[in-house]
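Participant: Here it is, the structure, as structure tokens.
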RNA sequence: GGGCUCGUGGUCUAGUGGCUAUGACCCCUCCCUUACACGGAGGUAGUCGCCGGUUCGAGUCCGGCCGAGCCCACCA
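Shown next, in the form of structure tokens:
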């Protein structure tokens, strides 16, 4: 055994070993063992693994490795989510091409090839370097043919279930990218603007209204005031004339109008913002579009038609100023919604979009969440709040190029929807022919393909299907779904988790999983979110290179499930120290266990019973913690046992029996060996889910020849044995440790080496401590241990015993 | 504005009612002892955010306040 542990040598070695020996392979034929199936989060590949991934994937891997050691048949697939705008942009940049300039089919092909050939191999290798124990042969990409087929099938199924509709509706829209976008794609941006007090006329008299967006005047459909606002009650039922455009709109009361804001009266334009849409719906107002999909003023805007939004705003303000319709202008700074990709202000544009109808299911959605086991529990609240706040059906269409196409054609004449035949899936309507030659309704022969693609979430919400349907064996597939566990971070509860539940419920009326384990985020050292723009991002590969993958995993294992954690470099140092300690302690143990054949002693010595009892409690605690996905508690339990009980005390105490075994009986020596063997084996087993490489190294070095399993990661998890719990032995053993500690302190404070011999005087106050005297003599290097009645010196903590140490 | 989480020695952290509050990093002292100087033995350091309440007893439960982080909403 080498003097020092070198992760640079060991980690690549075991990484390769696991792949070659297929240690993590899912056994499709094993229909007996309990299955544990994981709905692994599919990352979007944009380069090398990043720190957030390294954390959340480590944490889910702890759980999986524990379950594997519990003897379960592990279904742990690895998928990727390269379907969507992020990948589209990445490929455009990498290849210097524009999606717009080519057929969708061709662009998708380039994307797939680039991702799979140039990015994926490196990324998957990064995951293996981190020690992820997925079965990487169970692989899907949310944009591959397999996924497309399932996604399109899902669409067709929901259409038949009358859960989908296509509607001309206002949607969030980016005029630069010319696509509908969803809430997730938006972000807030602070911008300078003006509050303009402009003049509407009611019965020829002025009515002042404040607005930041005068360019929307041509789309004005109503004026609102708060029903309790005394100032404006008199306008009830009247009409106001819109400045410059000179048409009339009704003046209405609605509680959403804030009397405190601006002049307390507000114009509603379809559509300036979310509230405008709500008003339109609630008061059944007409829809007027002043802005086109390209972000230009429409014909409604009269002389301003064709102008860009900001250009029109300026022109309209100028004109109003000239005509005395602008009474006041106040600069403000406010947050506006922008598209995160390009920073363009989000507009609401009416266009034909596909929706999944689910707003009517809010009560059911809450019940669905009830039926899931949430770890930690409080994360469910986020789901509930999201559901309660839902106001719109699920918009799933995107006017993009890269994505899963809708399997749909329309009749040019009557707009009838023609779905693809399921046996033809996956289809690309832009390339493939419709399953019928003519419209079944009006017999029109001209069928138009749908150009839009589905939003990423429409497909990624099917991951339980995407992965389990890779399994051919029908019987096994039934055992896999619903899946055992969805591990994911808390930021996408309202998207990925929620959407997956919705899809599974709409299709099969069951939850997609039994448990959900929500992990937190890694933050920068000051508790701030890591982001490229802040420049506080830490690269996991550098960490693994500087320390080790095990150290990085150790750090990931210190944060409590669900908690965010600031990145602490010193924790990596602690991890490295722990690994060094494990290596050295093992070196010592293996040296003394040479030739040991696993034999059990007739009788255990007191100190051995003390250690075994503590060990059983550690096994119990870490097992119970892992059962509820609290890997950090499991880790700290074994950490404490290893450092304090095993290294600091037991090894020191047992040395005498090992080095001077002639002084002891054969059975006493055997007792020590048995205890060393099992305590250390259990320690590395319990550490194994977190520190996967060094534990494997130690297992292969010594334990394998007796334990026989190919890898520590497929050995049996330690079984809690209450028969080894011995409270009396623990108490007496603790007393021994306390007295030894007093002796050490005495030496230390007197500037002496710990090997310095001392004299120990004791008044046991009637306690029988005979069983520990020999060990005490050995560990404290006490030449004399004397019993003195009536001694008043130092009290041994936890007892009445008095002790005095001298040279 | 709403929600969730958190607020413990200089720093990070354990701890869901009960003996002198856990561990780590830092700092100081001592020790090269046959697993480990990539170490060991000790030590200094905390009014457990603030106020009030429940209780024989609260870091731990309840209420209020203050602060931080994240998510969501608003943004005329």
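Residue numbers (our numbering): 36 to 842. Note that beta-carbon positions come from the ideal geometry of N, C-alpha and C, so glycine has one too.
Got a sec? Which residues, its chain only, sit under 8 Å from residue 477 by beta carbon, not counting five neighbours each side?
Facilitator: Translated into positions along the first chain, residue 477 becomes position 442. 446, 448, 449 and 451, listed in sequence order.
Participant: Identify which residue in 203, 492, 181 and 185 has its Cα closest to the Cα of residue 79.
Facilitator: Position 44 of the first chain, counted from the first residue, corresponds to residue 79. With distances taken between Cα atoms, residue 79 lies closest to 492.
Participant: On the three-state DSSP scale, how would you describe residue 561?
Facilitator: Within the first chain, numbered from 1, the residue matching residue 561 stands at position 526. Residue 561 falls in the coil class under three-state DSSP.
Participant: Should residue 508 go down as buried or exposed, given a rule of 16 or more other Cβ atoms within 10 Å for buried?
Facilitator: Taking the first chain and counting its residues from 1, one reaches residue 508 at position 473. So residue 508 ends up on the exposed side.
Participant: Taking the Cβ atom as the reference point for each residue, do residue 275 and residue 242 lie within a distance shorter than 8 Å?
Facilitator: Position 240 of the first chain holds residue 275. Position 207 of the first chain holds residue 242. A contact, by the Cβ cut-off of 8 Å.
Participant: Assuming residue 290 and residue 249 form a contact by the criterion Cβ under 8 Å, report the distance between their Cβ atoms to the nearest whole angstrom.
Facilitator: Position 255 of the first chain holds residue 290. Position 214 of the first chain holds residue 249. No, residue 290 and residue 249 are not in contact; Cβ-Cβ is about 25 Å, not under 8 Å.
Participant: Work out the CA separation of residue 234 and residue 324 for me, nearest whole Å.
Facilitator: Indexing the first chain from 1 puts residue 324 at position 289. Indexing the first chain from 1 puts residue 234 at position 199. Whole-angstrom Cα-Cα distance: 22 Å.
Participant: When you compare the CB positions of residue 326 and residue 287, do they come within less than 8 Å of one another, or not?
Facilitator: Against the first chain, residue 326 aligns to sequence position 291. Against the first chain, residue 287 aligns to sequence position 252. Their beta carbons are not under 8 Å apart, which means residue 326 does not touch residue 287 by this criterion.
Participant: In whole angstroms, what is the alpha-carbon distance linking residue 558 and residue 606?
Facilitator: Against the first chain, residue 558 aligns to sequence position 523. Against the first chain, residue 606 aligns to sequence position 571. Between residue 558 and residue 606, the C-alpha separation is close to 14 Å.
Participant: Nearest to residue 58 by CA position, among 163, 684 and 475, is which residue?
Facilitator: Indexing the first chain from 1 puts residue 58 at position 23. When only C-alpha atoms are compared, the closest one is 163.
Participant: Rounded to whole angstroms, how far is the Cβ of residue 159 from the Cβ of residue 110, which I believe are closer than 8 Å?
Facilitator: Within the first chain, residue 159 is the residue found at index 124, counting from 1. Within the first chain, residue 110 is the residue found at index 75, counting from 1. Residue 159 to residue 110, Cβ: 18 Å. No contact.
Participant: Considering only residues of the same chain and omitting the five flanking positions on each side of residue 666, which have a CB-CB separation below 8 Å?
Facilitator: By one-based count along the first chain, residue 666 stands at place 631. Hits under 8 Å: 94, 97, 98, 101, 592, 596, 660, 724 and 725.
Participant: Run through DSSP, which three-state label would residue 768 get?
Facilitator: Along the first chain, read from residue 1 onward, the residue named residue 768 stands at position 733. If DSSP states are grouped into helix, strand and coil, residue 768 belongs with the helices.
Participant: Taking all protein chains shown into account, decide if residue 426 is buried (16 or more other Cβ within 10 angstroms of its Cβ) or exposed.
Facilitator: To locate residue 426, count along the first chain from 1; it is residue 391. Flag for residue 426 reads exposed.
Participant: Cutting at 6 Å between CB atoms, please list the residues of its own chain near residue 720, excluding the five before and the five after it.
Facilitator: Start at 1 with the first residue of the first chain, and residue 720 comes out as number 685. Answer for residue 720: 753, listed in chain order.
Participant: Which whole-angstrom value is the C-beta distance of residue 782 and residue 772, which I expect to be below 8 Å?
Facilitator: Along the first chain, read from residue 1 onward, the residue named residue 782 stands at position 747. Along the first chain, read from residue 1 onward, the residue named residue 772 stands at position 737. Not really, about 16 Å apart at Cβ, beyond 8 Å.
Participant: Using a Cβ-Cβ cutoff of less than 6 Å, which residues in the same chain neighbour residue 687 once the five nearest sequence positions on both sides are dropped?
Facilitator: Within the first chain, numbered from 1, the residue matching residue 687 stands at position 652. Contacts found: 814.
Participant: Which value, in whole angstroms, describes the spacing of the CA atoms of residue 736 and residue 36?
Facilitator: Taking the first chain and counting its residues from 1, the one referred to as residue 736 is at position 701. Taking the first chain and counting its residues from 1, the one referred to as residue 36 is at position 1. For residue 736 and residue 36, the distance between alpha carbons rounds to 8 Å.
Participant: Need the endpoints of the alpha helix (DSSP H) that residue 142 sits in, please.
Facilitator: Within the first chain, numbered from 1, the residue matching residue 142 stands at position 107. Where residue 142 is concerned, the enclosing alpha helix (DSSP H) stretches over 139–148.
Participant: Name the two residues that bound the continuous beta strand (DSSP E) containing residue 226.
Facilitator: Working through the first chain from its first residue, we reach residue 226 at position 191. Per DSSP, residue 226 belongs to the beta strand (DSSP E) from 221–237.
Participant: In the DSSP assignment, what residue or residues form a beta bridge with residue 445?
Facilitator: For the purposes of this step, residue 445 is taken as residue 410 along the first chain, with counting starting at 1. 452 and 483, per the DSSP bridge assignment.
Participant: Should residue 589 go down as buried or exposed, given a rule of 16 or more other Cβ atoms within 10 Å for buried?
Facilitator: Your numbering for residue 589 matches position 554 in the first chain. It is buried - the Cβ of residue 589 has at least 16 other Cβ atoms within 10 Å.
Participant: Return the chain-ordered list of same chain residues with a C-beta closer than 8 Å to the C-beta of residue 658, the five sequence neighbours on each side being excluded.
Facilitator: For the purposes of this step, residue 658 is taken as residue 623 along the first chain, with counting starting at 1. Excluding positions up to five away in sequence, the list reads 669, 752, 753 and 755.
Participant: From the DSSP output, read off the bridge partner residues of residue 162.
Facilitator: Counted from its first residue, the first chain places residue 162 at position 127. Per DSSP, none; premise fails for residue 162.
Participant: Hey, could you find the ends of the alpha helix (DSSP H) residue 512 is sitting in?
Facilitator: Within the first chain, numbered from 1, the residue matching residue 512 stands at position 477. Taken as a continuous stretch (DSSP letters only), the alpha helix (DSSP H) holding residue 512 covers 509–515.
Participant: Got a sec, what are the start and stop residues for the alpha helix (DSSP H) residue 101 sits in?
Facilitator: Numbered from its first residue, the first chain carries residue 101 at position 66. Here the alpha helix (DSSP H) through residue 101 covers 86–104.
Participant: DSSP three-state call for residue 3: helix, strand or coil?
Facilitator: Residue numbering for the chain in the displayed model covers 36 to 842; residue 3 lies beyond these limits and cannot be assessed.
Participant: By how many angstroms is the C-alpha of residue 123 removed from the C-alpha of residue 194?
Facilitator: On the first chain, residue 194 is found 159 positions in, with the first residue counted as 1. On the first chain, residue 123 is found 88 positions in, with the first residue counted as 1. Distance between the alpha carbons of residue 194 and residue 123 is about 28 Å.
Participant: I need the DSSP call for residue 248, collapsed to helix, strand or coil.
Facilitator: Within the first chain, residue 248 is the residue found at index 213, counting from 1. Correct three-state label for residue 248: coil.
Participant: Measure the alpha-carbon distance for residue 527 versus residue 383 and round it to whole angstroms.
Facilitator: Sequence index remark: in the first chain, residue 527 carries index 492 (1-based). Sequence index remark: in the first chain, residue 383 carries index 348 (1-based). Taking the straight line joining both Cα atoms gives about 24 Å.
Participant: So, helix, strand or coil for residue 459, using DSSP?
Facilitator: Residue 459 sits at position 424 when you count from the first residue of the first chain. Of the three classes helix, strand and coil, the one that applies to residue 459 here is helix, per DSSP.
Participant: Identify which residue in 798, 689 and 342 has its Cα closest to the Cα of residue 835.
Facilitator: Here residue 835 corresponds to residue number 800 of the first chain, with the count starting at 1. Here the closest residue by C-alpha is 798.
Participant: By alpha-carbon positions, which one of 746, 260 and 838 ends up nearest to residue 301?
Facilitator: Position 266 of the first chain, counted from the start, is the residue given in the question as residue 301. Per the Cα distances, 260.
Participant: I believe residue 624 touches residue 711 by the beta-carbon criterion, under 8 Å. Please report the beta-carbon distance rounded to the nearest angstrom.
Facilitator: In the first chain, counting from the first residue as 1, residue 624 sits at position 589. In the first chain, counting from the first residue as 1, residue 711 sits at position 676. Yes, residue 624 and residue 711 are in contact; Cβ-Cβ is about 5 Å, under 8 Å.
Participant: Can you look up residue 47 in the DSSP assignment and give me helix, strand or coil?
Facilitator: Position 12 of the first chain, counted from the start, is the residue given in the question as residue 47. Here residue 47 sits in helix by DSSP.
Participant: Could you have a look at residue 499 and say whether DSSP puts it in helix, strand or coil?
Facilitator: Start at 1 with the first residue of the first chain, and residue 499 comes out as number 464. Of the three classes helix, strand and coil, the one that applies to residue 499 here is helix, per DSSP.
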